[in-house]
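Working notes, structure below.
Protein chains: 2
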Amino acid sequence: MHSSANVSERQSQAPSVAISTVIFALRPGGESQRPEIWLPLVRRIRQPHLGKWALPGGPLGGTESLQDAAARNLRDTTDLEPTYLEQLYAFGGLDRAATQRLVSIVYWALVRPDQADLTRASRNVHWFRADDVEGLAFDHDEIVAYALGRLRGKIEYGSVAYHFLGERFTLAQLRGVYEAVLGRELDPANFRRQFRSAKDIAPTEEVLQGGRNRPPRLYRYTGPHVLPPPAPAGGREHPGRARSLDADHATADGTASRPPSVVAGPGSS
Amino acid sequence: MHSSANVSERQSQAPSVAISTVIFALRPGGESQRPEIWLPLVRRIRQPHLGKWALPGGPLGGTESLQDAAARNLRDTTDLEPTYLEQLYAFGGLDRAATQRLVSIVYWALVRPDQADLTRASRNVHWFRADDVEGLAFDHDEIVAYALGRLRGKIEYGSVAYHFLGERFTLAQLRGVYEAVLGRELDPANFRRQFRSAKDIAPTEEVLQGGRNRPPRLYRYTGPHVLPPPAPAGGREHPGRARSLDADHATADGTASRPPSVVAGPGSS
DNA sequence: AGAAGTTAAAGTCATAATGACTATAACTCA
DNA sequence: TGAGTTATAGTCATTATGACTTTAACTTCT
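Taken in sequence, the protein lines are chains B and F. Under this note's numbering, the very last position in the first sequence is 298; numbers go up by exactly one each time. Under this note's numbering, the very last position in the second sequence is 298; numbers go up by exactly one each time.
Rendered as structure tokens:
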């Protein structure tokens, strides 16, 4: 019997529903040169929590699916087109907002470094190191922490890492993603061995020229992409599980012996 | 047709929020003797979809967290106390319900066979084999299919299997869970080897007497239990990640040589 | 009582995956 | 030209895995 005198009034109040998005991007770390996980936050311009930083989000529109709302949200606040967007969790504790009952359905997105640079310049949108965020509005501190945990859990296992990178990438860059997410260094040789036999990654004919060392070969991801969400059967809105798309597994044998062509890198002065 | 001339009217309509629960239990399969995954459904007693079977659920009360609502839901419809209850996914497609915009936050529960037998006898609550469900109300067919997929994905990896069983269980019973969920047979010897070295399972001093063969030893699960939901820090409502509770890993060395005591089994006539 | 049948439990063996490490190649920069 | 750095390949011991055999402990059939 969870009914005191005045509770049943509130029972009839419909909770409001909001969509929020945790946007993770890989950015080159300051001195350490190692890439790090960053995310953009927006400053609240109204009460409650006026002036605090918060996850991009807003009320769920009546004409869009949850996924669409999250994607719009992402565009509106950061001008980014999502390459990876997945539902994270629905938060609905009683004490999340002071004035009203609020259910937030939180999505998380992964974007590439070049995309992150395109972010709208504004003093109300700012990027933060994911490990440093603190003092956010509402319960967003905890949401970010949870999202980070999920990211760590998922990377060991799924195909999320590629969505931090561009269409072509070196194994060192890919390893950088893993190191940034897992927070520890990985043996380059063993990492290479493992990913050379991975199913959804294939070497290209090109190498990245312009670095100061031996030019690394470029690879590309050939596995399933996650946007739009893989819809089972006839539905419009459905969850993940994109097992199907493993069409071309270009088992690039022999490519190693053929002389690779060349691509200009960022440092080709 | 959710778009007439003016969309913005509906935009302001708050969507209603419901909680539904997919309840999985292991039940002995008919002839094959192999345990199978079953779930209870309730018959709809009002429009829409009157008379169809549906997942237990209802509107989100204003005074309970999402998790609490799911647990209440579970009790109300099946008289079951959840031993495992976790958020599955939030469904919010535009076409889920005809008359209104409906967001359903779906939880899934695992219950033990003895619990499943206690289910309220009613012609409006009935158990079905999980693989057979079809023609449910709303989009519940797809929700069940998704839940089954997640269950399969999670069992290989997490600690969910134990929540289908009682406090003590034999390795054959545990293997039965895996076989039912994964849908294929597993080698008993290899299965044993793997789980004898598993972190969160420990042999007891007892064996299960009363079968018609050599009495198997009983084991117990020593890992983290998932209810109530592992709350990070001070919050009230928070998602999974129960890594902490691995306190006692009773590394039962020597127990094999000591003569185990005996426990009566179901068939002790 | 004894043989047959069944499952529990332990062990064998070849193969695959993993972690730590070494060696060589290819490039830039001083 | 040589020092420094990363790319890439390979070695080796350890561990995990799948298929299979063997022995133990119990019930049931004759």
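From the three backbone atoms N, C-alpha and C, an ideal C-beta is built for every residue, glycine too.
Report the three-state DSSP secondary structure of B:Gly205 (helix, strand or coil).
The DSSP-derived three-state label of B:Gly205 is helix.
For B:Gly87, which of B:Leu194, B:His192, B:Val46 has the nearest alpha-carbon?
B:Val46
By Cβ distance below 7 Å, which residues in the same chain neighbour B:Ala209 in space, the five residues on each side in sequence not counted?
Leu55, Arg63, Pro64, Glu65, Ile66
DSSP beta-bridge partners for B:Tyr250?
B:Ile230
Residues sharing a beta bridge with B:Arg56, DSSP
Under the DSSP definition of a beta bridge, B:Arg56 partners with B:Glu65.
Spatial neighbours of F:Phe224 in its chain, beta-carbon cut-off 7 Å, leaving aside the 5 residues before and after
Leu200, Leu203, Ile230
Just the C-alpha distance for F:Ile184 and B:Gln238, rounded to the nearest angstrom, thanks.
45 Å
Rounded separation between B:Ala159 and F:Val154 - CA only:
47 Å
Anything in chain F within Cβ reach of B:Ile134, meaning under 9 Å, just list it in chain order.
Proximity of chain F to B:Ile134 at the Cβ level (cut-off 9 Å) is accounted for by Ala119, Gly121, Val132, Ile134, in chain order.
Kindly indicate the opening and closing residues of the alpha helix (DSSP H) around B:Ile172.
169–184
Could you name the residues of the same chain whose beta carbon sits closer than 6 Å to that of B:Pro268, not counting the 5 residues immediately before and after it, in chain order?
Since pLDDT at B:Pro268 reaches only 49, below the 50 mark, its modelled position is unreliable, and the value read off the structure follows with that caveat. The answer is none, since no qualifying residue turns up.
8 Å CB neighbourhood of F:Asp357 in its chain, flanking five on each side removed
Lying before the first or after the last residue shown, residue 357 of chain F is absent from chain F, which here runs from 30 to 298.
Amino acids of chain B, ordered along the chain, whose beta-carbon sits closer than 8 Å to that of F:Val51:
Within chain B, no residue comes near F:Val51; the closest Cβ sits about 13 Å away, beyond 8 Å.
Pull up the CB-CB distance for F:Val189 and F:Leu123, whole angstroms please, since I reckon it's below 8 Å.
Not a contact, Cβ separation roughly 32 Å.
List, in chain order, every chain B residue whose beta-carbon is nearer than 7 Å to that of F:Gly164.
Result: empty, since nearest Cβ-Cβ is about 14 Å, beyond 7 Å.
Measure from the C-beta of B:Pro94 to each C-beta in chain F and report whether the shortest distance is under 8 Å.
Pro is not the amino acid found at residue 94 of chain B; the sequence shown has Ser there. It does; some Cβ of chain F falls within 8 Å.
Excluding the 5 residues preceding and the 5 following F:Leu89 in the sequence, name in chain order all residues of the same chain whose CB lies nearer than 6 Å to its CB.
Val46, Ile48, Ala98
Give me the chain F residues within the contact set of B:Gln326, using Cβ-Cβ distance strictly less than 7 Å, ordered along the chain.
A query on residue 326 of chain B cannot be resolved here, the shown segment of chain B reaching from 30 to 298 and no further.
Endpoints, alpha helix (DSSP H) assigned at F:Pro142:
142–146
Could you tell me which residues DSSP pairs with B:Ile134 in its beta bridges?
B:Ile48, B:Ala119
Rounded to the nearest angstrom, what separates F:Ala260 and B:Gly240 at their Cα positions?
Only weak support exists for where F:Ala260 lies, its pLDDT of 37 falling under 50; the value from the coordinates is given anyway. Looking at the two C-alpha atoms, the distance is approximately 47 Å.
Could you tell me whether the Cβ atoms of F:Ala83 and F:Ala145 are closer together than 8 Å?
In this structure, F:Ala145 does not lie closer than 8 Å to F:Ala83 by Cβ.
Do you know whose CA, among B:Asn219, B:Gly91, B:Tyr118, lies nearest B:Leu180's CA?
B:Tyr118
Could you check which residue in F:Val173, F:Arg75, F:Arg213, F:Ala43 has the C-alpha nearest to that of F:Pro69?
F:Val173
Proximity below 8 Å, CB of F:Gln116 to CB of F:Leu95
yes
Helix, strand or coil for B:Arg222, going by three-state DSSP, please let me know.
helix
Decide if B:Ser133 is buried, meaning its Cβ has at least 16 other Cβ atoms within 10 Å, or exposed.
buried
Provide the residue span of the beta strand (DSSP E) that contains F:Thr199, from first to last.
197–199
Measuring only the C-alpha atoms, how far is B:Pro44 from F:Phe120?
16 Å
Could you pull the start and end residues of the beta strand (DSSP E) that B:Arg125 belongs to?
Careful: B:Arg125 lies outside any beta strand (DSSP E) and carries neither H nor E.
Straight-line Cα distance separating B:Gly195 from F:Arg125:
36 Å
Going straight from the alpha carbon of B:Asp170 to that of F:Arg72, what length do you get?
41 Å
Backbone CA spacing between B:Gly182 and B:Asp161 [nearest angstrom]:
20 Å
DSSP state of B:Leu103, grouped into three classes?
B:Leu103: helix per DSSP, three-state reduction.
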